[in-house]
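A.B. asks: Going by the working numbering, the sequence shown opens with residue 43, and the numbers climb by one from there.
Glycine residues also receive a C-beta, built at the ideal position from the N, C-alpha and C atoms.
Here the structure is a predicted model, which is why all the values come from computation and not from measurement.
Sending over a structure as structure tokens; questions will come in a sec.
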Amino acid sequence: MQEETDGPQQIYDADTAQRYDTPGTGMFAPEVLAPTVERLAGLAGDGAALEFAIGTGRVAVPLAARGVPVTGIELSPPMVARLRAKADEATIPVVMGDMATTVAPGAYTLVYLVYNTISNLLTQAEQVECFRNAARHLGPGGRFVIELWVPELRKLPPGQAATVWHSEPGYLGLDTYDVLRQRVVSHHFHFDETGQARLDRSPHRYIWPAELDLMAQLAGFELEARHADWSGAEFTDESRSHVSVYRLPQQA
Ligand SMILES: C[S@@+](CC[C@H](N)C(=O)[O-])C[C@H]1O[C@@H](n2cnc3c(N)ncnc32)[C@H](O)[C@@H]1O
């Protein structure tokens, strides 16, 4: 099953950008952001970081405040407008464009792409290009960090094309699968107090960790580390997502 949905520029429009930041809670909670920023700062070392799909600067703003120079690449002008309310162009420069192909000036020790966003590229070819673009920005020993969920196909019984992955008062999240094309559409239903629902949908191409490693290899990276979260929890067969660190060889 596959519904037609908008692309990233329609999904990350002014309305979504306006609602994106939830200071102090959800993906903006200190317990989420503090370990993320600590890990990325450690991996950047004394160098600069480049965030693919920087969005409103959820991670880039605290990482820059932590002393790491951060540049971004981003497709959505409204998301960058929200970032600009928090950091100016001199503090966090952003190049507008597609993270699979756009080149940002500068030298970087770290490129990172978090919050499942590599899956917004809907073909394997674009996802491989994204790895190649990360490598293009790095010198020998440079790192590319990806945060991505593990596809939940074990929850999809034969003959069924949808799973409910989150249910709480006021919110229902369900995914519809096209397993032939390795695609999933996430449907987010938000209910107001009158019972009216707002539906946000986003299409993704899901990637198994092993396929991700092969994409990395095609771009010249080696897997340096994989954990279940930003604090370094062990990645197991029950882990729902992973933080994977890829590294270019020290010798060019
Ligand atoms: C889930 S948000 C993540 C934003 C930010 N990295 C964060 O962690 O909060 C996804 C972002 O990816 C951007 N995006 C999607 N596809 C993109 C592409 N091909 N190139 C650049 N940005 C893209 C969207 O505009 C949106 O800002």
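Sorry if obvious, but does the Cβ on Pro50 come closer than 7 Å to a heavy atom of ligand 1?
C.D. replies: yes
A.B. asks: Report the partner residues of Ile115 according to the DSSP bridge assignment.
C.D. replies: According to DSSP, which records beta bridges pairwise, Ile115 is partnered with Phe94, Val137.
A.B. asks: Check Val287 in the structure and name its three-state DSSP category.
C.D. replies: strand
A.B. asks: Whose CA, out of Arg124, Asp279, Ala142, lies closest to the CA of Ile134?
C.D. replies: Minimum Cα distance to Ile134 is reached at Arg124.
A.B. asks: Pick from Gly183, Glu189, Pro182, Gly181: whose alpha carbon is nearest that of Ser161?
C.D. replies: Measuring C-alpha to C-alpha distances from Ser161 to each of Gly183, Glu189, Pro182, Gly181 identifies Glu189 as the nearest.
A.B. asks: Any heavy atom of ligand 1 closer than 7 Å to the CB of Met257?
C.D. replies: no
A.B. asks: Output the boundary residues of the beta strand (DSSP E) element that contains Phe173.
C.D. replies: For Phe173, no beta strand (DSSP E) encloses it; the enclosing alpha helix (DSSP H) starts and ends at 166-178.
A.B. asks: Looking only at DSSP bridge pairs, what is Phe231 linked to?
C.D. replies: In the DSSP assignment, Phe231 is bridged to Leu214, Leu241.
A.B. asks: Quick check on DSSP: helix, strand or coil for Arg247?
C.D. replies: strand
A.B. asks: With a threshold of 8 Å between beta carbons, is Leu92 in contact with chain B?
C.D. replies: The displayed structure is made up of one protein chain only, and chain B is not part of it.
A.B. asks: For the beta strand (DSSP E) that contains Glu276, what are its first and last residues?
C.D. replies: Here Glu276 belongs to no beta strand (DSSP E), and DSSP marks it neither H nor E.
A.B. asks: Taking the C-alpha atoms as reference points, what is the distance between Gly87 and Tyr154?
C.D. replies: 14 Å
A.B. asks: In terms of residue numbering, what span does the alpha helix (DSSP H) encompassing Thr58 cover?
C.D. replies: Element bounds for Thr58: 56-62.
A.B. asks: Skipping 5 residues on each side, what residues in its chain have a beta carbon closer than 6 Å to that of Tyr54?
C.D. replies: For Tyr54, the CB contacts under 6 Å within the same chain, skipping 5 residues up- and downstream, are Ser118, Met121 in chain order.
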